[in-house]
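Asks: In this note's numbering, the protein residues as written are 65 to 337. We treat Cβ as the ideally placed atom computed from N, Cα and C, and that holds for glycine.
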Amino acid sequence: MPTDTGQDSTGGGMSWVSVRMRATRNGQHVSGAERLVPAVYAVTVSNVLVERARRHASGEPDRIVLTVDRVPHEAVRFAPILAARTVCVESATEGRRAAMERLRSLGVSEKAISSAMDALTHGANPFGGNMRGAMLIDRAMGERLERDHKRGVRVSFVDLTPEGRARFDVCVRGRGDVSRFRDALVLASKVASLPGVVADLCWSDDPAYVAGYVAARDGGYVRYPRLKERGIPFGGRAYFVDAEAFDLEKDIEYLQSAPVLIEVNDPSVFNEF
Ligand code: PML
Numbered sequence: 065m066p067t068d069t070g071q072d073s074t075g076g077g078m079s080w081v082s083v084r085m086r087a088t089r090n091g092q093h094v095s096g097a098e099r100l101v102p103a104v105y106a107v108t109v110s111n112v113l114v115e116r117a118r119r120h121a122s123g124e125p126d127r128i129v130l131t132v133d134r135v136p137h138e139a140v141r142f143a144p145i146l147a148a149r150t151v152c153v154e155s156a157t158e159g160r161r162a163a164m165e166r167l168r169s170l171g172v173s174e175k176a177i178s179s180a181m182d183a184l185t186h187g188a189n190p191f192g193g194n195m196r197g198a199m200l201i202d203r204a205m206g207e208r209l210e211r212d213h214k215r216g217v218r219v220s221f222v223d224l225t226p227e228g229r230a231r232f233d234v235c236v237r238g239r240g241d242v243s244r245f246r247d248a249l250v251l252a253s254k255v256a257s258l259p260g261v262v263a264d265l266c267w268s269d270d271p272a273y274v275a276g277y278v279a280a281r282d283g284g285y286v287r288y289p290r291l292k293e294r295g296i297p298f299g300g301r302a303y304f305v306d307a308e309a310f311d312l313e314k315d316i317e318y319l320q321s322a323p324v325l326i327e328v329n330d331p332s333v334f335n336e337f
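#1: Decide if aspartate 233 is buried, meaning its Cβ has at least 16 other Cβ atoms within 10 Å, or exposed.
#2: Please identify the residue among Gly299, Leu265 and Arg134 whose C-alpha is closest to the C-alpha of glycine 284.
#3: Tell me whether the region 171 to 186 and the region 245 to 255 touch, counting them as touching only if at least three CB pairs, one residue from each stretch, are closer than 8 angstroms.
#4: Confirm the yes/no value for this check: CB of tyrosine 318, any heavy atom of the ligand PML, distance under 7 angstroms.
#5: Quick check: the region 291 to 298 against the region 107 to 118, are there 3 or more CB pairs under 8 angstroms?
#6: Could you check the C-alpha separation between threonine 36 and serine 122 for me, to the nearest Å?
#7: Please state whether DSSP places proline 144 in a helix, a strand or coil.
#8: Let me make sure I understand the geometry here. Which of Ser82, Asp241, Leu200 and Ser220 has the alpha-carbon closest to that of glycine 260?
#9: What does DSSP give as the partner residues of proline 102 in its beta bridges?
#10: Using 10 angstroms around the beta-carbon of valine 255, count the other beta-carbons present and answer buried if the total reaches 16, otherwise exposed.
#11: Which residues bound the beta strand (DSSP E) around valine 324?
#12: Find out if the Cβ-Cβ distance for the pair alanine 198, alanine 302 is shorter than 8 angstroms.
#13: Can you determine whether any heavy atom of the ligand PML sits closer than 7 angstroms to the C-beta of arginine 149, and answer yes or no?
#14: Using a 10 Å radius around the Cβ and a threshold of 16 neighbouring Cβ atoms, would you call aspartate 212 buried or exposed?
#15: Would you say the beta carbon of cysteine 152 comes nearer than 7 angstroms to a heavy atom of the ligand PML?
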């Protein structure tokens, strides 16, 4: 177990903890968040996440579940943050047009683009509503590849390195609350670290949050301030994969369970955000 210095009591390197929070009301999802931090911060971060759940804009939850897992130092992998830039669009129609154009340029077929856009527009869960995780879509054929179409693939066990978080905070100072953007960028950076993923399309299911993005290793995280109309409760994520390069078992396991810290080695990655 970690000691309070963060050193592993077995004598290994610094140990880490994954802290994951999920809040519900009447059995319905209200909010969720996670961190991957040095073990010494386990209690502080747990408190922050519980407070975040309690003060969520859509009201206080009636259940908060906190899961804390020790992560051995040797298990942690590192990936670079994607460079982020904002493309100014005046409407959701213009935003979607620009996002589709970028997806085409990344080699995603028309069939795959319209299948993802359609599912995200109307709720990607085949039983109605949104999915908790992302759709995995074959970039050429447009077919869904994940086994569980209701749950999808939920990327987890990822955070900025402590140094990366400090750099991020300095770079975005004065830009208001950018926590949604930061969390989405971190998730997208883990996804883009897999060679079999060619692009990642997302917009929020929060009716009040209309921004979204197309992210890829090639060209980074491109943010569109409008990808849907205000008031629409549908959204989610679609990962477009190259079916020959994506290993369904191994790569889904990586996305969901491999602990990955995102590094910010070059702060200029935020210059165009
Ligand atoms: C979400 O929180 O569900 C999606 C967030 C999308 C973030 C887009 C951005 O602000 O860059």
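Replies: Concretely, from the data shown:
#1: By 1-based counting over the sequence shown, the position of residue 233 is 169. Classification of aspartate 233: exposed, given that the 10 Å Cβ count is below 16.
#2: Against the sequence shown, residue 284 aligns to sequence position 220. Ranking Gly299, Leu265 and Arg134 by Cα distance to glycine 284 puts Leu265 first.
#3: Contact between the region 171 to 186 and the region 245 to 255 is absent: fewer than three C-beta pairs spanning the two stretches fall below 8 angstroms.
#4: Position 254 of the sequence shown, counted from the start, is the residue given in the question as residue 318. No, the ligand PML has no heavy atom inside 7 angstroms of this Cβ.
#5: no
#6: Only positions 65 to 337 of the chain appear in the structure, and residue 36 is not among them; the question remains open.
#7: For this step, residue 144 is matched to residue 80 along the sequence shown. Here proline 144 sits in strand by DSSP.
#8: As a position in the sequence shown, residue 260 is number 196, starting the count at 1. For the residues Ser82, Asp241, Leu200 and Ser220, the minimum Cα distance to glycine 260 belongs to Leu200.
#9: Your numbering for residue 102 matches position 38 in the sequence shown. In DSSP, proline 102 forms a bridge with Trp80.
#10: In the sequence shown, the residue the question calls residue 255 occupies position 191. It is buried - the Cβ of valine 255 has at least 16 other Cβ atoms within 10 Å.
#11: The sequence position of residue 324 within the sequence shown is 260, counting from 1. Where valine 324 is concerned, the enclosing beta strand (DSSP E) stretches over 324 to 327.
#12: Taking the sequence shown and counting its residues from 1, one reaches residue 198 at position 134. Taking the sequence shown and counting its residues from 1, one reaches residue 302 at position 238. A contact, by the Cβ cut-off of 8 angstroms.
#13: Working through the sequence shown from its first residue, we reach residue 149 at position 85. No, since every heavy atom of the ligand PML falls outside the 7 angstroms radius drawn around the Cβ of arginine 149.
#14: Along the sequence shown, read from residue 1 onward, the residue named residue 212 stands at position 148. Exposed: under 16 other Cβ atoms inside 10 Å.
#15: Your numbering for residue 152 matches position 88 in the sequence shown. The answer is no for cysteine 152.
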